[in-house]
Each structure stands twice: as C-alpha cells, then as structure tokens.
Amino acid sequence: MPKMIVSIDEVVIKEVQLTKDRTTLGRRPYNDIVIDNLAVSGEHAVLQMNGDEVILEDLNSTNGTYVNGKAIKKQQLHNGDGIEIGKYKIKFVGDGAADNFDKTMVFKPQPAAAATPSGFPTVAGDSTGLGAFQAAIKVLSGAASGREVPLTKVVTTIGKPGVAVAAITRRHHGFVVHHVEGAGNPTLNGSPIRSEPVALKNGDLIELAGTQMQFVQH
Numbered sequence: 471m472p473k474m475i476v477s478i479d480e481v482v483i484k485e486v487q488l489t490k491d492r493t494t495l496g497r498r499p500y501n502d503i504v505i506d507n508l509a510v511s512g513e514h515a516v517l518q519m520n521g522d523e524v525i526l527e528d529l530n531s532t533n534g535t536y537v538n539g540k541a542i543k544k545q546q547l548h549n550g551d552g553i554e555i556g557k558y559k560i561k562f563v564g565d566g567a568a569d570n571f572d573k574t575m576v577f578k579p580q581p582a583a584a585a586t587p588s589g590f591p592t593v594a595g596d597s598t599g600l601g602a603f604q605a606a607i608k609v610l611s612g613a614a615s616g617r618e619v620p621l622t623k624v625v626t627t628i629g630k631p632g633v634a635v636a637a638i639t640r641r642h643h644g645f646v647v648h649h650v651e652g653a654g655n656p657t658l659n660g661s662p663i664r665s666e667p668v669a670l671k672n673g674d675l676i677e678l679a680g681t682q683m684q685f686v687q688h
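Under our numbering, the residues of the sequence shown are numbered 471 to 688, in order.
Have a look at this one:
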C-alpha cells in the first residue's frame with residue numbers, strides 16, 4: 471500500500487497510508503493529511519489513486535507544490551519521489567516498496583542546530599566515542615508523540631527558536647541540560663531550567679514550549 475512520509479529538517483513527523491481514491495492535503499483540520507503551518511494552504515493539494523497510479527494535483531495553493539525540485543500542477547508520482555510543500559518534505563513510497571523502507575532515516579542526525587516547529591528535537595554537534603552512556607529523549611506530547619531520539623551527539627537542541635530552546639549536552643559522567651534562549655523557561659520535573667547546566671537522571675520530565683519530553687537512560 472503506497473504511503474506518504476512527512477518530514478521537516480529530515481525528522482519524520484508522520485506517515486500516512488493512502489487507502490482512499492482521493493486523499494487531501496492542507497492546513498485545515500478536515501484534510502486527510504494535515505500540515506499545520508502557515509506556508510501550507512488550507513486546501514493545498516490532492517492525491518488521487520487510479521489503480522496502481524497515484525496522481526498529485528496542486529489546488530492553486532499560495533506557495534505551490536514541488537516534486538523533485540520542480541513546481542507542478544498535476545503529476546503522476548513514482549516510488550521515491552520527493553514532494554516539497556513549504557519547509558516540509560514528503561517522500562512518496564510506492565505500493566510494495568513500503569515494507570522495505572529504511573526506517574533508520576527517522577532519526578538521521580542533523581548537520582546544524584535547529585528545532586522544528588513541532589518542538590521535536592533535532593541533533594547538532596560532533597559525535598563522541600562515549601559508548602558507555604546510552605540515552606534518548608522520548609517525546610510525550612505533540613505531533614511527534616511516542617518517538618524517541620537517541621542522544622548520540624555532543625549537543626542536542628530541543629524546542630522552538632524564538633520561543634524557548636534548551637540544550638542537552640553529553641559529558642563523561644552523563645548528560646546535563648541548560649536553557650539556551652527564549653522567554654519561556656523550560657522546566658525539569660516542574661522546576662525551571664536556567665542557563666547553568668543541571669544533571670539529568672533516568673525518567674526526568676522536561677517541558678519546553680508546550681511539548682513534554684522524558685529523558686531515558688538505557
């Protein structure tokens with residue numbers, strides 16, 4: 471069964487299987503694939519299935535719909551095609567190819583520090599050889615709820631730029647968290663996180679820009 475894999479900054483935020491003859495995509499909540507972002511029109515595009523064919527059609531959207539870097543009005547999709555809508559990238563996985571999709575790309579490390587609009591963590595920094603400490607951030611709320619991001623880099627930034635951003639740093643003795651920017655201070659187990667690093671322990675709850683996360687050490 472064909473499906474659409476929606477990501478931003480190479481972090482997957484949702485996967486939607488195409489089960490209907492007509493699947494709508496847009497910002498409004500009544501769409502089959504909802505992308506709540508101002509760059510996305512209320513009714514942005516529609517996917518139509520006709521047998522084995524999947525046709526993508528732009529619905530006169532404000533910012534356009536792109537397939538493999540080219541603006542389109544109506545185009546048949548092929549396995550592996552990349553669709554761009556605003557800052558969002560959508561990978562089309564054709565029928566029969568979905569089972570072989572490499573899910574390791576879900577947590578592909580980011581080349582630069584950034585935080586997604588959904589508050590889902592992205593990763594920045596250089597790798598270390600510290601294999602003794604294996605930990606992850608589990609997202610408990612929002613669009614990415616249920617996902618875990620392994621803390622394999624020196625620094626992991628979480629939050630929303632301009633609102634609240636915190637950084638989790640890997641050290642020889644474990645992990646620490648500190649506030650980076652934004653007026654809304656993040657909290658650790660209900661207490662404000664300040665600019666001074668605070669040590670993390672397994673099960674700690676972090677809340678930042680309306681997103682709840684849990685620090686998990688394996």
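Think of the CB as a built atom: it goes at the ideal place given N, C-alpha and C, for glycine as much as any other residue.
Gly652 to Ser661, Cα distance in whole Å?
Position 182 of the sequence shown, counting from 1, holds the residue named residue 652. Position 191 of the sequence shown, counting from 1, holds the residue named residue 661. Answer to the nearest angstrom: the Cα atoms are 16 angstroms apart.
Under 8 angstroms between C-beta atoms of Val481 and Ile475
Numbered from 1 along the sequence shown, position 11 holds the residue referred to as residue 481. Numbered from 1 along the sequence shown, position 5 holds the residue referred to as residue 475. Not a contact, by the Cβ cut-off of 8 angstroms.
Is DSSP giving Asn659 helix, strand or coil here?
Walking along the sequence shown from the start, residue 659 turns up at place 189. Asn659 falls in the coil class under three-state DSSP.
Would you tell me roughly how many angstroms separate the C-alpha atoms of Asp565 and Asn672, rounded to the nearest one?
Residue mapping note: residue 565 aligns to position 95 of the sequence shown, counting from 1. Residue mapping note: residue 672 aligns to position 202 of the sequence shown, counting from 1. Each residue's Cα considered, the two are about 41 angstroms apart.
Using a Cβ-Cβ cut-off of 6 angstroms (strictly less than) and excluding sequence neighbours within five positions of Ser615, which residues of its own chain qualify?
The residue given as residue 615 occupies position 145 in the sequence shown. Once the five neighbours on either side are set aside, the close Cβ partners of Ser615 are Val609.
Please look up how many angstroms separate the CB atoms of Val668 and Leu675, rounded, as I've assumed it's under 8 angstroms.
For the purposes of this step, residue 668 is taken as residue 198 along the sequence shown, with counting starting at 1. For the purposes of this step, residue 675 is taken as residue 205 along the sequence shown, with counting starting at 1. 13 angstroms between Cβ atoms; not a contact.
Is Asn520 helix, strand or coil when you go by DSSP?
Here residue 520 corresponds to residue number 50 of the sequence shown, with the count starting at 1. Reduced to three states, the DSSP call for Asn520 is strand.
Hey, how far is the Cα of Arg692 from the Cα of Arg664?
Lying before the first or after the last residue shown, residue 692 is absent from the chain, which here runs from 471 to 688.
To the nearest angstrom, how far is the alpha carbon of Asn507 from that of Thr532?
If you number the sequence shown from 1, residue 507 lands on position 37. If you number the sequence shown from 1, residue 532 lands on position 62. Rounded to the nearest angstrom, the two C-alpha atoms are 13 angstroms apart.
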